[in-house]
Amino acid sequence: MIADDSVRVVIAEDSVLLREGLTRLLTDLGHEVVAGVGDAEGLLKTIAELSAADALPDVVVADVRMPPTHTDEGVRAAVRLRRDHPELGVLVFSQYVEEQYATELLAGSTRGVGYLLKDRVAEVREFVDAVVRVARGGTALDPEVVAQLLGRSRKQDVLAGLTPREREVLGLMAEGRTNSAIAKQLVVSDGAVEKHVSNIFLKLGLSPSEGDHRRVLAVLTYLRS
Amino acid sequence: MTARTRTRSHAVQVAAEDDDRLPPARFAFGSVTWKEVAHLHLNLLEGILGFVYVSLWLYAGALLSVTVVGLPLLAAGLMGARVLGRAERWRARVLLGVRIDEPSPLPRHRARGFLNRMWMTLKDPVAWRSTLYAFIRLPWGVLTFAIALTSLFVAWPVLGHIARGLTNVDRAMVRGLLSPSSELERRIAELEEDRGVVVDTAAADLRRIERDLHDGAQARLVALAMGLGLAKERLLEDPEAGARMVDEAHGEAKLALQELRDLARGIHPAILTDRGLGPALTSVAGRCTVPVKVAVDLESRPAPAIEGIAYFTVSELLQNISKHSGARTAEVELWRATDGAKDRTEDRLLIRVSDDGRGGASTARGSGLAGLAERLGSVDGLFVVDSPAGGPTVVTAELPWRSRTESRSESRTGGRP
Amino acid sequence: MAIDHATGRPHRVPAVLRAPLEGRTWREFLYLMTSLPIAAVAFALAVTLTAAGVGTLVTFVGVPLLAATLAAARGLGVLERARARGLLRLEIAEPEPVRVRRRRDGRGPGPMAWVGALFKSGTSWRHLLYAVVHFPWALFTFVLSLVLWSVGWTTFLYPLWQWTLPTFAHQPGIQIYGETGGRHFYVDSPFTIGITCALGLLLVLGTPWVIRGLAHVDRLLVRGLLGPSRLAERVWELEEDRGVVVDTASADLRRIERDLHDGAQARLVSLAMELGLAKELVERDPEKAARMVDEAHGEVKLALQELRDLARGIHPAILTDRGLGPALASLAGRCTVPVATEVDLDSRPAPAIEGIAYFTVSELLQNVSKHSRARSAQVDVWRSGDRLMLRVGDDGRGGAGTTSGSGLAGLAERLGSVDGLLVVDSPVGGPTTVTAELPWRARG
Numbered sequence: 012m013i014a015d016d017s018v019r020v021v022i023a024e025d026s027v028l029l030r031e032g033l034t035r036l037l038t039d040l041g042h043e044v045v046a047g048v049g050d051a052e053g054l055l056k057t058i059a060e061l062s063a064a065d066a067l068p069d070v071v072v073a074d075v076r077m078p079p080t081h082t083d084e085g086v087r088a089a090v091r092l093r094r095d096h097p098e099l100g101v102l103v104f105s106q107y108v109e110e111q112y113a114t115e116l117l118a119g120s121t122r123g124v125g126y127l128l129k130d131r132v133a134e135v136r137e138f139v140d141a142v143v144r145v146a147r148g149g150t151a152l153d154p155e156v157v158a159q160l161l162g163r164s165r166k167q168d169v170l171a172g173l174t175p176r177e178r179e180v181l182g183l184m185a186e187g188r189t190n191s192a193i194a195k196q197l198v199v200s201d202g203a204v205e206k207h208v209s210n211i212f213l214k215l216g217l218s219p220s221e222g223d224h225r226r227v228l229a230v231l232t233y234l235r236s
Numbered sequence: 016m017t018a019r020t021r022t023r024s025h026a027v028q029v030a031a032e033d034d035d036r037l038p039p040a041r042f043a044f045g046s047v048t049w050k051e052v053a054h055l056h057l058n059l060l061e062g063i064l065g066f067v068y069v070s071l072w073l074y075a076g077a078l079l080s081v082t083v084v085g086l087p088l089l090a091a092g093l094m095g096a097r098v099l100g101r102a103e104r105w106r107a108r109v110l111l112g113v114r115i116d117e118p119s120p121l122p123r124h125r126a127r128g129f130l131n132r133m134w135m136t137l138k139d140p141v142a143w144r145s146t147l148y149a150f151i152r153l154p155w156g157v158l159t160f161a162i163a164l165t166s167l168f169v170a171w172p173v174l175g176h177i178a179r180g181l182t183n184v185d186r187a188m189v190r191g192l193l194s195p196s197s198e199l200e201r202r203i204a205e206l207e208e209d210r211g212v213v214v215d216t217a218a219a220d221l222r223r224i225e226r227d228l229h230d231g232a233q234a235r236l237v238a239l240a241m242g243l244g245l246a247k248e249r250l251l252e253d254p255e256a257g258a259r260m261v262d263e264a265h266g267e268a269k270l271a272l273q274e275l276r277d278l279a280r281g282i283h284p285a286i287l288t289d290r291g292l293g294p295a296l297t298s299v300a301g302r303c304t305v306p307v308k309v310a311v312d313l314e315s316r317p318a319p320a321i322e323g324i325a326y327f328t329v330s331e332l333l334q335n336i337s338k339h340s341g342a343r344t345a346e347v348e349l350w351r352a353t354d355g356a357k358d359r360t361e362d363r364l365l366i367r368v369s370d371d372g373r374g375g376a377s378t379a380r381g382s383g384l385a386g387l388a389e390r391l392g393s394v395d396g397l398f399v400v401d402s403p404a405g406g407p408t409v410v411t412a413e414l415p416w417r418s419r420t421e422s423r424s425e426s427r428t429g430g431r432p
Numbered sequence: 102m103a104i105d106h107a108t109g110r111p112h113r114v115p116a117v118l119r120a121p122l123e124g125r126t127w128r129e130f131l132y133l134m135t136s137l138p139i140a141a142v143a144f145a146l147a148v149t150l151t152a153a154g155v156g157t158l159v160t161f162v163g164v165p166l167l168a169a170t171l172a173a174a175r176g177l178g179v180l181e182r183a184r185a186r187g188l189l190r191l192e193i194a195e196p197e198p199v200r201v202r203r204r205r206d207g208r209g210p211g212p213m214a215w216v217g218a219l220f221k222s223g224t225s226w227r228h229l230l231y232a233v234v235h236f237p238w239a240l241f242t243f244v245l246s247l248v249l250w251s252v253g254w255t256t257f258l259y260p261l262w263q264w265t266l267p268t269f270a271h272q273p274g275i276q277i278y279g280e281t282g283g284r285h286f287y288v289d290s291p292f293t294i295g296i297t298c299a300l301g302l303l304l305v306l307g308t309p310w311v312i313r314g315l316a317h318v319d320r321l322l323v324r325g326l327l328g329p330s331r332l333a334e335r336v337w338e339l340e341e342d343r344g345v346v347v348d349t350a351s352a353d354l355r356r357i358e359r360d361l362h363d364g365a366q367a368r369l370v371s372l373a374m375e376l377g378l379a380k381e382l383v384e385r386d387p388e389k390a391a392r393m394v395d396e397a398h399g400e401v402k403l404a405l406q407e408l409r410d411l412a413r414g415i416h417p418a419i420l421t422d423r424g425l426g427p428a429l430a431s432l433a434g435r436c437t438v439p440v441a442t443e444v445d446l447d448s449r450p451a452p453a454i455e456g457i458a459y460f461t462v463s464e465l466l467q468n469v470s471k472h473s474r475a476r477s478a479q480v481d482v483w484r485s486g487d488r489l490m491l492r493v494g495d496d497g498r499g500g501a502g503t504t505s506g507s508g509l510a511g512l513a514e515r516l517g518s519v520d521g522l523l524v525v526d527s528p529v530g531g532p533t534t535v536t537a538e539l540p541w542r543a544r545g
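So the protein lines, in turn, are chains L, U and F. So the number in my numbering is just where the residue sits in the first sequence, counting from 1, plus 11. So the number in my numbering is just where the residue sits in the second sequence, counting from 1, plus 15. So the number in my numbering is just where the residue sits in the third sequence, counting from 1, plus 101.
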């Protein structure tokens, strides 16, 4: 990682082991971990302090289940942070993903938001890429969430009209990946991906929109409606 | 808080508000007596109402029951008698301070069809007892009204004693005829509560296991996965750092395994399923910080559920001993006690755990032993703690013996529906 | 619809024509016939003994006499229940036995303890009441059924035996009307014989239903007065329920332990082993070590996946956090069939009830995706008074049942153990609607 790609991160995670591991991982790859906290209360306080000092981080990585109630305070805190600081990227990660939480996180905009399974940490680079993407205002949705969205969508008949490759591309788009990332993942040329994308938009009856966030938003809105 | 104290504080308030007026004329008796006197006066009204009601529907229903109309009428009247009983229990609670549990309601949703429901109502012993109560109240009401009214003017000095004596008869009548008197009723209430406790603890157990998994093994595995992901990348570039990381990951993996093993043991130890209580308890005793002598005298194995409860009872008691007792040795004994019944259906599984520690243990609220006592109680078990200060402590637990064939879910492998 | 209960197949002969020759009709007839002598003896004994007992109650003699009467009434109950079981096919349990307290010193109960227990048990008195009220009823049923049945058959079979009258009785047929030396009317022409036969047929066809009705009243009498009381039944039911709950809870725990052992634990063992080997190899053969680390990496991801599935099967976190609505929506999202969920609750029930409701729907949806071949399914949850209602419907091929051994039977048992209900409506060809009911308990 090169220095100017470096992002500033705040980590909220109650397991000390994981917090230390994540800190080491991100630092190793050239990013700066501003603070590490163990609960949602601490997270909100830290962000408020940093915001007052005009040193807001680029992204917050937050666990869902944290003290004191060990339920969903991570999601609640993330939703609040997104409301209070729209420019702050928020990546929520957890042992399990639920579409309900994704819906809450994505309410409003898909700018600078991520929701991943903790398993994804195993693919170190992909995980750090996701953190950076969210920090830069991008989107990172777990494939499981996307699968749930695709499976639950009421427009099954339209989705059935897509080719298997187009469905694959649609899934990756919904995860928040750029065209070039999709091309790399599927081992095809950028041009081929662009063609798939425009086909998908045509078949779903969406107007082709500029920019990756608006594209993700369009796809997600379509799937949720 | 009893009705008595509430009224008293109310009276104090009234007195404070009326400060500038003359103090009210003082009554010689407290509010309890006055409530009793009020009750005695009300008896007449209640007696007349109850008697008229009961005779009306009883006569009408009984006379008409030769035709078809009579039986529903009788049933409706009996339902009314239940309401009458409830009103009387309320009056007794407010005026006499007699607290009585409500009898269990008729399980109407169990009966299908109008006829079955009517038949159930006609058989309802609670309603019949209420009827009897209403029937005998009229003569008593007339008597108490007369005596209470007369003594209010004539026998003022002994009014309190008269009221107390008469209302004691009232109390006895309410207790005898309006309470859920039968042993079966009590047993039903007890069993319903037991079932609730069992269901709730089972649900709480599952939530706890899920929590433990999440906080323990799952978190450790995530860290391990991350470490391995890093190691994978580094290994070829920087073998030395890579080797260190693999070493760490190896340590992590062993810890995760240890954690999972502990969790599994806390859920239901494999050795208990495989070998039964003797070996399982020996293994628990081996992990105790105090030397423990284990003697299990069973010629066959009880039902798995009973085995599980017995195991966790002993395991928790031994933990208590390690933590709090300061004992130097402990002893665990298990045996099957026969109650003399020929078919051995009344057998009990007895557990005794003793130690030579400093004693002072109790099943007071909030302690670990209280939870244990509740859990055992919910399956008709018993839990007795004998622990004088200075020791020694002897805890005896008793469980109903169920043999393995009686257990219902044993044949089902799935368990959860 | 006419169904033969033995084979389960529809009958070709309509029930009306079958009834006179059915075993059930004759068994019930036999019951009504045998009722009278038994009831007469029981009535006589009960009335005299009770009268004697009550009359002498002021002296000491009355008490044991009355107790003996009650004991005799209980004996009668044994006989009557056996008769009802055999002839009326009535499923009736033995009532609660007389509970006698043991003596403090451990010796068997004394005679006074028995007398007291007999007097106190409501069951004994109900048996005595049966002995008294059964007699008039038995008399009535005996006369009615005997007359209807015998007259019915004789008139119906009249054409068959009409010839005996002129041969042996020296008259052309049954005499309906006759004055000495005056006008006579005999049933002897083919037309009148036909009318008689038809009337007899009507009686023969109708009487089985009369007998059935009378026997039903007898069933109610036996069940109401000789069966266990409602409270005793409830106690037994609750004891059974509690056993089921305890057993399923214990079976759950054993299943979780087994899943952990066979899944994540086994995977971790092999992982630890691989890592141990890789550690050895790093120095000597870094390429091979890297491959092993790669494999271990794959293993650990699988282990995580398995643990997550296991945790969801134990108790899904979203159920604790957000309640039934979101949890069921999430469940529906993972079903292979599109499922529309609608949860209409304004508050959350107790955690245990929530858990049972969740796993009920989960099991039903699994059934839908495995067996039903449905194209869509619907889940509704709502509260009705003090009950929590669940309904899962699908447009599959139907034919689901709660016969023993099926998954639905286990579900029905589990729901029953907490005073719940499971009703399956699944005609062959579909659609299937399963309605479950749970008692509502508020959080507390």
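Cβ atoms here follow ideal geometry from the backbone N, Cα and C, with glycine treated the same way. Bear in mind the structure is a predicted one, so any value in this text is a computation, not a measurement.
Query raised in the report: Does the beta carbon of L181 (chain U) fall short of 7 Å from some heavy atom of the ligand HEM?
Result: In terms of ligand content, the structure shown is empty, and the ligand HEM therefore cannot be addressed.
Query raised in the report: Interface residues of chain U around D386 (chain F) at Cβ under 7 Å?
Result: The contacting residues do not exist; D386 (chain F) stays about 11 Å from chain U at best.
Query raised in the report: Under the three-state reduction of DSSP, which class applies to P115 (chain F): helix, strand or coil?
Result: Three-state DSSP puts P115 (chain F) in coil, outside helix and strand.
Query - Buried versus exposed, by CB contacts within 10 Å (16 or more), P284 (chain U) - result: Around the C-beta of P284 (chain U), 16 or more other C-beta atoms lie within 10 Å, and the residue is accordingly described as buried.
Requested in this report: Have a look at the DSSP bridge pairing and note the partners of S485 (chain F).
Outcome: Beta-bridge pairing links S485 (chain F) to F:R488.
Requested in this report: Out of F:E384, F:T256, F:I415 and F:M393, state which residue places its alpha-carbon closest to the alpha-carbon of D360 (chain F).
Outcome: When each option's Cα is compared against that of D360 (chain F), the closest is F:I415.
Report task. Determine which residues of the segment 114-137 of chain L have a Cβ less than 8 Å from any Cβ of chain U, and write them out in chain order. Result -> Flagged, chain order: K129, D130, V132, A133, E134, V135 and R136.
Report task. State the Cα-Cα distance for the pair D445 (chain F) and A89 (chain L), rounded to the nearest angstrom. Result -> Between D445 (chain F) and A89 (chain L), the C-alpha separation is close to 28 Å.
**Report entry** Beta-carbon proximity list for G207 (chain F), same chain, < 8 Å, skipping 5 on both sides
**Finding:** Reliability fails at G207 (chain F), whose pLDDT of 48 lies under 50, so the model's placement of it is uncertain and the value that follows must be treated cautiously. The beta carbon of G207 (chain F) is closer than 8 Å to none in its chain, skipping five residues each way along the sequence.
Query raised in the report: Among the residues of its own chain, which have a CB less than 6 Å from the CB of L183 (chain L), if the five just before and after it don't count?
Result: Within its own chain, the residues whose Cβ lies closer than 6 Å to the Cβ of L183 (chain L), once the five positions on either side in sequence are excluded, are I193, listed in chain order.
Query - Contact under 8 Å by Cβ, F112 (chain L) with Y126 (chain L) - result: According to the sequence as given, residue 112 (chain L) is Tyr; it is not Phe. Taking 8 Å as the cut-off, the beta carbon of Y112 (chain L) is found closer than this to the beta carbon of Y126 (chain L).
**Report entry** 8 Å Cβ cutoff met for V368 (chain U) and L332 (chain U)
**Finding:** A contact, by the Cβ cut-off of 8 Å.
**Report entry** Proximal residues of chain U, C-beta to C-beta of I357 (chain F) below 7 Å
**Finding:** Correct list: I224 and I282.
Report task. Please classify L122 (chain F): is it buried, with 16 or more other beta-carbons within 10 angstroms of its beta-carbon, or exposed? Result -> Exposed is the call here.
Report task. Name, in chain order, the residues that DSSP records as bridge partners for S17 (chain L). Result -> According to DSSP, S17 (chain L) bridges with nothing at all.
Query raised in the report: Which residue's Cα is closest to the Cα of L188 (chain F): F:E340, F:R423, F:F130 and F:V394?
Result: Distance check between L188 (chain F) and each of F:E340, F:R423, F:F130 and F:V394 places F:F130 closest, using alpha-carbon atoms only.
Query raised in the report: Does the beta carbon of T533 (chain F) sit closer than 8 Å to a beta carbon anywhere in chain U?
Result: T533 (chain F) does not count as touching chain U.
Report task. Would you give the residue range spanned by the alpha helix (DSSP H) that F161 (chain F) belongs to? Result -> Per DSSP, F161 (chain F) belongs to no alpha helix (DSSP H) and is neither H nor E.
Report task. Between the Cα of F66 (chain U) and those of U:G100, U:R179, U:T216 and U:A279, spot the shortest distance and give me the residue it belongs to. Result -> When each option's Cα is compared against that of F66 (chain U), the closest is U:G100.
Query raised in the report: Using the beta-carbon count (16 or more within 10 Å), is N183 (chain U) buried or exposed?
Result: Label assigned to N183 (chain U): exposed.
Query raised in the report: By how many angstroms is the C-alpha of A367 (chain F) removed from the C-alpha of E384 (chain F)?
Result: About 28 Å.
Requested in this report: For I286 (chain U), decide whether its Cβ has a neighbour in chain F, counting only Cβ atoms nearer than 8 Å.
Outcome: The Cβ of I286 (chain U) sits no closer than 8 Å to any Cβ of chain F.
Query - Contacts around A185 (chain L), its chain only, beta-carbon distance under 8 Å, and the 5 residues preceding and following it disregarded - result: Same-chain partners within the cutoff: L152, V157, L160, L161, V227, V230, L231 and L234.
Requested in this report: Look at the alpha carbon of E52 (chain L) and the alpha carbon of W541 (chain F), and state the distance between them as a whole number of angstroms.
Outcome: One C-alpha to the other measures close to 35 Å.
Query - Nearest residue (CA-CA) to R492 (chain F), options F:G500, F:G486, F:V480 and F:R498 - result: Nearest of F:G500, F:G486, F:V480 and F:R498 to R492 (chain F), Cα basis: F:V480.
Query raised in the report: Do V311 (chain U) and L349 (chain U) have their C-beta atoms closer together than 8 Å?
Result: It is a contact, given that the beta carbons lie within the stated cut-off.
Query raised in the report: Taking all protein chains shown into account, do 16 or more other C-beta atoms lie within 10 angstroms of the C-beta of K389 (chain F), making it buried, or fewer, making it exposed?
Result: A residue is called buried when at least 16 other Cβ atoms come within 10 angstroms of its Cβ; K389 (chain F) does not meet this threshold and is exposed.
Query - C-alpha distance - A267 (chain F) paired with P273 (chain F), whole-angstrom precision - result: It should be pointed out that residue 267 (chain F) corresponds to Pro in this sequence rather than to Ala. Cα-Cα distance, rounded: 5 Å.
Query raised in the report: By a C-beta neighbour count over all protein chains shown, 10 Å radius and 16 as the cutoff for buried, is Q167 (chain L) buried or exposed?
Result: Looking at its Cβ environment, which holds fewer than 16 other Cβ atoms inside 10 Å, Q167 (chain L) is exposed.
Requested in this report: Please list the partners that I251 (chain U) has in chain F, where partner means a Cβ-to-Cβ separation under 7 Å.
Outcome: Contrary to the premise, residue 251 (chain U) reads as Leu rather than Ile in this sequence. Near L251 (chain U) (Cβ distances below 7 Å), the residues of chain F are P387 and A391.
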